[in-house]
Amino acid sequence: MSTAIFGAHVVSGPPAPEWLAKPEYRRATINMVLGAQLLEPLLRDLRAAHPEVLSEDIGLVLQSQTGELEATVEFLRGWSQMGIARPLLFQSSLHNATAGFLAIQYAIKGPVISTSPSFFSEEQALEMAQVLLDEKQCRFCLVVSLDAWPAIKGLEGGSGFSASYASAVVLAREPGGLGRRLNSIEMKPEARPVFTEPQWSHRPSSRNALFNLASALLSSETQKVETQKEEGRSVITWSGA
Numbered sequence: 001m002s003t004a005i006f007g008a009h010v011v012s013g014p015p016a017p018e019w020l021a022k023p024e025y026r027r028a029t030i031n032m033v034l035g036a037q038l039l040e041p042l043l044r045d046l047r048a049a050h051p052e053v054l055s056e057d058i059g060l061v062l063q064s065q066t067g068e069l070e071a072t073v074e075f076l077r078g079w080s081q082m083g084i085a086r087p088l089l090f091q092s093s094l095h096n097a098t099a100g101f102l103a104i105q106y107a108i109k110g111p112v113i114s115t116s117p118s119f120f121s122e123e124q125a126l127e128m129a130q131v132l133l134d135e136k137q138c139r140f141c142l143v144v145s146l147d148a149w150p151a152i153k154g155l156e157g158g159s160g161f162s163a164s165y166a167s168a169v170v171l172a173r174e175p176g177g178l179g180r181r182l183n184s185i186e187m188k189p190e191a192r193p194v195f196t197e198p199q200w201s202h203r204p205s206s207r208n209a210l211f212n213l214a215s216a217l218l219s220s221e222t223q224k225v226e227t228q229k230e231e232g233r234s235v236i237t238w239s240g241a
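Written out as structure tokens, the structure is:
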């Protein structure tokens, strides 16, 4: 089944300082700020091209391989050092908190789904979005992937973030009606991701299918995108004209 890709955006590295300084993000996690920096230009372009689009027409599927590690580390630190389990930190440590924050921030009133299948490939998120579009649950669907790994003393050897990236594509169920159609993606139902054992030190940016897909879509050389099954796992590939 072919679905139009309206737009794509990537953020590589930590959030921009001007985004971290915004008052509305004072209580936001790094993942939340990354997601906001990612979605704002996409939604601005989408609503400019299609002013008739309602908030109910837009869905969101957020995928994070590791979830909210920053909040998780703070929750565990408070538990181990003071014996206090802080509910707000626990709530913020869940990946659905990130999805909810972004949905509220950008008035996304269509279906909102979040998933954190560890190192499952991100084709799963694209397939979820495809189902929402096929079932006419939304007209456009934002597919987002983001992760930030805090550098933990004794484990990572420092402070700050050792790696972070975010990526998104906007899928549409009406290919013929889009003035800014970038490409099409072929979703093959037989292609399914399989689990591989994660390692904490592993930085899967080279395997981040959605990040690589979004980057490729921003290149004028990319003409065809498809998923296929290769060595027991689902793989997204793209090619030129």
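All residue numbers for the sequence shown refer to the working numbering, where the first residue is 1 and numbers rise by one.
The beta carbon of each residue, even a glycine, is placed where N, CA and C say it ideally should be.
In this text, all values refer to a predicted model and were calculated from it rather than measured experimentally.
Judged by DSSP in its simplified three-state form, His50 adopts coil rather than helix or strand.
Considered as a whole, the segment 81-134 harbours 112-115 as its complete beta strand (DSSP E) runs of no fewer than 3 residues, in chain order. Contact between Leu126 and Arg173 is ruled out by a C-beta separation of about 14 Å, above the 8 Å threshold. Out of Phe101, Ala129, Phe75, the CA that lies nearest to the CA of Arg27 is found in Phe101.
In this structure, the straight-line span from the alpha carbon of Leu34 to that of Ile104 is close to 15 Å.
Minimum Cα-Cα distance from Leu62 among the listed residues Glu122, Gly7, Ser55, Phe6 corresponds to Glu122. The C-beta distance from Leu142 to Leu39 rounds to 6 Å, short enough to meet the 8 Å contact threshold. In the three-state DSSP reduction, Gln63 falls in the strand class (E or B).
One Cα belongs to Asp57, the other to Arg44, and the distance between them is close to 15 Å. Looking at the DSSP output, Leu76 shares a beta bridge with no other residue.
Shown here, Ala16 sits in coil according to DSSP, grouped into three states, outside any helix or strand. For Val33, DSSP assigns no beta-bridge partner whatsoever.
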